[in-house]
Each structure stands twice: as structure tokens, then as C-alpha cells.
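> Numbers given in my numbering equal positions in the sequence shown, counted from 1, plus 620. Think of the CB as a built atom: it goes at the ideal place given N, C-alpha and C, for glycine as much as any other residue.
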Amino acid sequence: MVALLVEEKLSRLNRKEPAVSSVIPVGFSLEWSYPVIVRDGEIKDRSICGPRAALKYLHNDLTIRSGRTYWRAVDACNDALRYRGDIDDARNSFIAAYAECMTKLSIH
């Protein structure tokens, strides 16, 4: 049985198949130097402290979930969480998406 498992593993290595047990690092605990304060309802403010909270806010709480600025913020937060992008870029993109949404809502 052990020989069979070793042979199967060697066979995968020879075919250069991706390992099933590969780990993708994710920075769930990443936080910005300064939180972004957003208006949550009429009188309540809320602190968004990092890309994970920003992504959750973008998906669940932002009223307008479309447009280039919105998707840029989603991508930037995902990239920061996967250590593929700059955390400050994620913050700036989130601010831009939030500001654009608030501007569009105030026009209507």
C-alpha cells in the first residue's frame, strides 16, 4: 500500500501536476494604518479597518454594487488579502468606491 502511494506521488511529480495540498496565503488579519470611517445609516458611523472588512462592506452593505470603481476596489482588496497588491492601494480604491456610491445616492 505504501509503495503504491509513493509511486502515485512520483507519477504526479513526473507529470508536473499541481499538488492538491498547496496552500494559498491569505492576510485575513491585515489592517490599514488608519481606518476608513463610513456612514452606516442615518446617524451611525462605522470603522473599516482593512481589506477584509472593506471587501465584506463592498459585498454586503454598499448600495451600488457595479461600475469600474466598485470592481477596482473589489480587485484591490482581494489582491491585498492575497499579498499580490498594495494594502494602501486597496484602501484608496475602497474610499473611491464608497465616495462614488455616496455621490450617486445624493444626486437621486
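Would you give the residue range spanned by the beta strand (DSSP E) that Ser667 belongs to?
In the sequence shown, residue 667 corresponds to position 47, counting from 1. Unbroken beta strand (DSSP E) run through Ser667: 664-668.
> Rounded to whole angstroms, what's the CA-CA distance from Thr689 to Cys721? Just pull it up for me.
Taking the sequence shown and counting its residues from 1, one reaches residue 689 at position 69. Taking the sequence shown and counting its residues from 1, one reaches residue 721 at position 101. Near 9 Å, if we compare the C-alpha coordinates of Cys721 and Thr689.
> Under 7 Å, do Ile668 and Lys724 count as touching if we go by C-beta distance?
On the sequence shown, residue 668 is found 48 positions in, with the first residue counted as 1. On the sequence shown, residue 724 is found 104 positions in, with the first residue counted as 1. Against a cut-off of 7 Å, the Cβ pair of Lys724 and Ile668 comes out as no contact.
> Using three-state DSSP, classify Val694 as helix, strand or coil.
Within the sequence shown, the letter at position 74 stands for residue 694. In this structure, Val694 counts as helix in the three-state DSSP scheme.
> Inspect the beta-carbon positions of Ala716 and Ala696 and report whether they are closer than 7 Å.
Counting from one through the sequence shown, the residue named residue 716 turns up at place 96. Counting from one through the sequence shown, the residue named residue 696 turns up at place 76. Result no, Cβ atoms of Ala716 and Ala696 do not sit closer than 7 Å.
> Which residue or residues does DSSP assign as beta-bridge partners of Arg704?
Indexing the sequence shown from 1 puts residue 704 at position 84. DSSP, once it has assigned bridges, lists no residue as partnering Arg704.
> Nearest to Val643 by CA position, among Gly670, Arg702, Ile707, Ile727, is which residue?
On the sequence shown, residue 643 is found 23 positions in, with the first residue counted as 1. Comparing Cα positions, the closest option is Arg702.
> Rounded to whole angstroms, how far is the Cβ of Ala674 from the Cβ of Phe648, which I believe are closer than 8 Å?
Working through the sequence shown from its first residue, we reach residue 674 at position 54. Working through the sequence shown from its first residue, we reach residue 648 at position 28. About 13 Å; that fails the 8 Å criterion.
> Rounded to the nearest angstrom, what separates Ile657 and Asn698 at their Cα positions?
If you number the sequence shown from 1, residue 657 lands on position 37. If you number the sequence shown from 1, residue 698 lands on position 78. For Ile657 and Asn698, the distance between alpha carbons rounds to 20 Å.
> Label Tyr677 either buried or exposed according to how many other C-beta atoms from any shown protein chain fall within 10 Å of its C-beta, with 16 as the threshold for buried.
Working through the sequence shown from its first residue, we reach residue 677 at position 57. The residue in question, Tyr677, is buried, as its Cβ has 16 or more Cβ neighbours within 10 Å.
> Less than 7 Å between the C-beta atoms of Trp652 and Gly670, yes or no?
Residue mapping note: residue 652 aligns to position 32 of the sequence shown, counting from 1. Residue mapping note: residue 670 aligns to position 50 of the sequence shown, counting from 1. Cβ atoms of Trp652 and Gly670: closer than 7 Å.
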